[in-house]
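The next block holds one structure in the form of structure tokens; read it before the comments.
In this note's numbering, the protein residues as written are 8 to 444.
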């Protein structure tokens with residue numbers, strides 16, 4: 008049943024608390040499955056993680072209480088077998104581990120033996136400071152962490168945790184105390200930082216932006232602050248004393264999460280720039296009266312260098328097909344559904360005066376990135392020029408098919424400016440043909 012639904016989880020999460028349970032993690036609006044593992048613990052103090060005798064399966068939704076409960080038994084399945092089973096049926100490889108209240112009743116060495124090397128650690132406090140410290144020490148380093156800020160000694164996040172090279176650091180302040188300060192933020196070395204329920208003022212954020220411009224937090228790609236200060240955040244106050252550009256609401260930019268799984272189209276905001284030329288956008292988002300302040304950092308992308316090629320591939324752009332436009336010039340573009348940035352590469356070729364144009368090795372290309380605007384044509388936001396003297400037309404096509412993860416190709420005729428035999432020689436056997444001449 009689960010496989011037939013083709014449900015794809017972001018990760019399979021293990022919950023350590025009153026009992027041990029396993030659940031796939033999805034976005035909002037998807038049914039939430041929880042598998043409770045039952046183990047015999049007679050005489051265990053602390054409890055050991057061992058082969059389950061049976062498990063219960065509950066299915067939840069965001070709209071109602073638990074609606075389905077089943078019991079399963081498989082006497083041959085160890086913990087490892089169950090984990091592999093869940094990774095298979097929920098189509099994911101990533102693992103998260105969640106420590107909740109009362110997790111310290113389980114022997115930590117036993118927990119670590121069965122659930123080591125997770126991709127993400129979610130730490131909400133076990134009720135035992137020594138156990139908390141053991142968890143934090145043993146699971147480093149790792150990719151992502153979500154942590155309740157007040158679980159630490161003196162309710163202060165240790166600096167040795169903040170300086171870790173996390174991809175994603177998510178900090179949650181349970182009681183709105185000053186559990187996370189501006190100095191803490193300046194020490195945080197993560198690419199994506201999300202801070203919820205913390206007492207930051209507009210002046211704190213303004214000061215951080217000025218320090219970021221001067222060179223702090225070089226790894227930062229996105230900062231999100233849940234604004235709980237009594238004052239309503241003002242875009243102008245956030246960038247006071249900072250050279251900036253005010254973008255209108257119809258100006259749209261696309262940004263990606265650190266792991267390139269998620270993307271956001273940001274309308275408007277304030278454009279700022281670091282001293283090293285790195286650009287950022289400051290944006291306030293209102294979610295039904297709850298204010299979030301965002302700083303999105305523009306990560307430069309080049310489609311020619313080896314490093315840039317790896318960067319684009321890592322974003323996992325997947326086009327439906329690569330389309331060749333035959334117009335007054337020749338251009339190449341990956342074709343997506345609307346809502347994804349539209350990249351177009353214009354190929355420039357030396358042409359003799361008179362007669363039809365010829366298809367030959369490009370002297371250079373111009374790359375433009377456009378963003379769709381509602382009820383309007385695509386709005387070009389950036390144009391760059393590149394040269395690669397070694398690349399023939401076929402090399403460019405192979406390059407685009409690789410970085411945009413598709414094999415299908417199409418051709419669109421919009422003008423008859425080029426010699427057809429040469430067009431056919433370079434772009435024969437397309438999968439899709441479009442004529443608009």
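Positions of the beta carbon are idealized from the N, C-alpha and C atoms, including for glycine.
For residue 379, does the three-state DSSP call read helix, strand or coil? Model confidence at residue 379 stands at a pLDDT of 49, short of 50, so the residue's coordinates are unreliable; what they give is reported in the following sentence. The DSSP-derived three-state label of residue 379 is coil.
So, for residue 197: in the same chain, excluding its five sequence neighbours on each side, which residues have a beta-carbon less than 6 Å away from its beta-carbon? The residues are 173, 176.
Touching by the beta-carbon criterion (3+ pairs, under 8 Å), the stretch 200–212 and the stretch 240–255: Inter-segment contact for the stretch 200–212 and the stretch 240–255 is present: three or more beta-carbon pairs are separated by less than 8 Å.
By the DSSP assignment, the beta strand (DSSP E) with residue 102 in it spans what residues? In the DSSP assignment, residue 102 falls within the unbroken beta strand (DSSP E) covering 102–106.
Give, in chain order, every unbroken run of the beta strand (DSSP E) that is at least 3 residues long and sits entirely within the stretch 269–311. Considered as a whole, the stretch 269–311 harbours 270–280, 286–294, 297–304 as its complete beta strand (DSSP E) runs of no fewer than 3 residues, in chain order.
Measuring alpha carbon to alpha carbon, tell me which residue in 26, 333, 302 is nearest residue 363. Minimum Cα distance to residue 363 is reached at 333.
One question on the structure: do residue 155 and residue 131 come within less than 7 Å of each other, judged by their Cβ atoms? Taking C-beta atoms as the reference points, residue 155 and residue 131 count as a pair closer than 7 Å.
List the whole-angstrom C-beta distance separating residue 21 from residue 97, where the pair is believed to meet the contact cut-off of C-beta under 8 Å. Not quite, the Cβ-Cβ distance comes to about 13 Å (not below 8 Å), so this is no contact.
DSSP has residue 153 in a bridge; who is on the other side? DSSP lists 129, 177 as partners of residue 153.
Let me confirm a value: residue 401 is counted as buried when at least 16 other C-beta atoms fall within 10 Å, else exposed. Which label applies? Exposed: under 16 other Cβ atoms inside 10 Å.
Three-state class that DSSP yields for residue 44 in the structure shown: Strand at residue 44.
Candidates 40, 80, 17, 31: closest to residue 46 by CA position: When only C-alpha atoms are compared, the closest one is 80.
Residues sharing a beta bridge with residue 233, DSSP: As computed with DSSP, residue 233 is found in a beta bridge with 299.
Take the Cβ of residue 187 as the centre, count every other Cβ of all protein chains shown within 10 Å, and call the residue buried at 16 or more, exposed below. By the neighbour-count rule (16 or more Cβ atoms within 10 Å), residue 187 is buried.
Bridge partners of residue 162, per DSSP? Beta-bridge partners assigned by DSSP to residue 162: none are found.
For residue 86 and residue 215, I'd like the C-alpha separation in whole angstroms. The alpha-carbon atoms of residue 86 and residue 215 are separated by roughly 45 Å.
Residue 230 vs residue 302 beta-carbon contact at 7 Å: Residue 230 is a Cβ neighbour of residue 302, given a cutoff of 7 Å.
From the DSSP output, in three-state form, read off residue 147 for me. Three-state result, residue 147: coil.
According to the neighbour-count rule (16 or more other Cβ atoms, all chains shown, within 10 Å of its Cβ), is residue 440 buried or exposed? A residue is called buried when at least 16 other Cβ atoms come within 10 angstroms of its Cβ; residue 440 does not meet this threshold and is exposed.
Comparing alpha-carbon positions, which option in 138, 160, 360 lies nearest residue 112? Of the candidates 138, 160, 360, the one whose C-alpha sits nearest the C-alpha of residue 112 is 138.
Name the one or two DSSP bridge partners that residue 442 has. Bridge partners of residue 442: 420.
Segment limits, alpha helix (DSSP H) that includes residue 117: In the DSSP annotation of this structure, the continuous segment of the alpha helix (DSSP H) that includes residue 117 starts and ends at 115–121.
Would you mind giving the Cβ-Cβ distance between residue 438 and residue 415, rounded to the nearest angstrom? I have them listed as a contact below 8 Å. About 5 Å separates the Cβ atoms of residue 438 and residue 415, confirming a contact at the 8 Å cut-off.
C-beta atoms of residue 43 and residue 62 nearer than 7 Å: Yes, the Cβ-Cβ distance between residue 43 and residue 62 is below 7 Å.
So what does residue 63 bridge to, in DSSP terms? Note: residue 63 sits in a beta bridge opposite 43, 78.
Supposed close pair residue 107, residue 178 - CB separation, criterion 8 Å: Wrong, their Cβ atoms sit about 17 Å apart, outside the cutoff.
For residue 56, collect the residues of the same chain with a Cβ closer than 6 Å to its Cβ; drop the 5 residues on either side in sequence, then sort them by chain order. A distance below 6 Å between beta-carbons, with the five flanking residues on each side excluded, links residue 56 to the following residues of its chain, in chain order: 117, 118, 121.
Label residue 165 either buried or exposed according to how many other C-beta atoms from any shown protein chain fall within 10 Å of its C-beta, with 16 as the threshold for buried. A residue is called buried when at least 16 other Cβ atoms come within 10 angstroms of its Cβ; residue 165 does not meet this threshold and is exposed.
Indicate whether residue 290 and residue 304 have their beta-carbon atoms separated by less than 7 Å. The answer is no: Cβ separation not under 7 Å.
Taking DSSP's pairing of strands, which residues face residue 200 in a bridge? Bridge partners of residue 200: 176, 230.
Quick one: what's got a C-beta closer than 8 Å to residue 181's C-beta in the same chain, skipping five residues either side? 155, 156, 157, 204, listed in sequence order.
Using CA coordinates, which residue listed in 253, 276, 251, 252 is at the minimum distance from residue 261? The candidate whose alpha carbon is nearest that of residue 261 is 276.
Out of 255, 136, 242, 352, which has the shortest C-alpha to C-alpha gap to residue 369? Per the Cα distances, 352.
Answer with buried or exposed for residue 167, where buried requires no fewer than 16 other C-beta atoms within 10 angstroms of its C-beta. Classification for residue 167: exposed.
Could you give the first and the last residue of the continuous alpha helix (DSSP H) run that contains residue 216? Where residue 216 is concerned, the enclosing alpha helix (DSSP H) stretches over 209–221.
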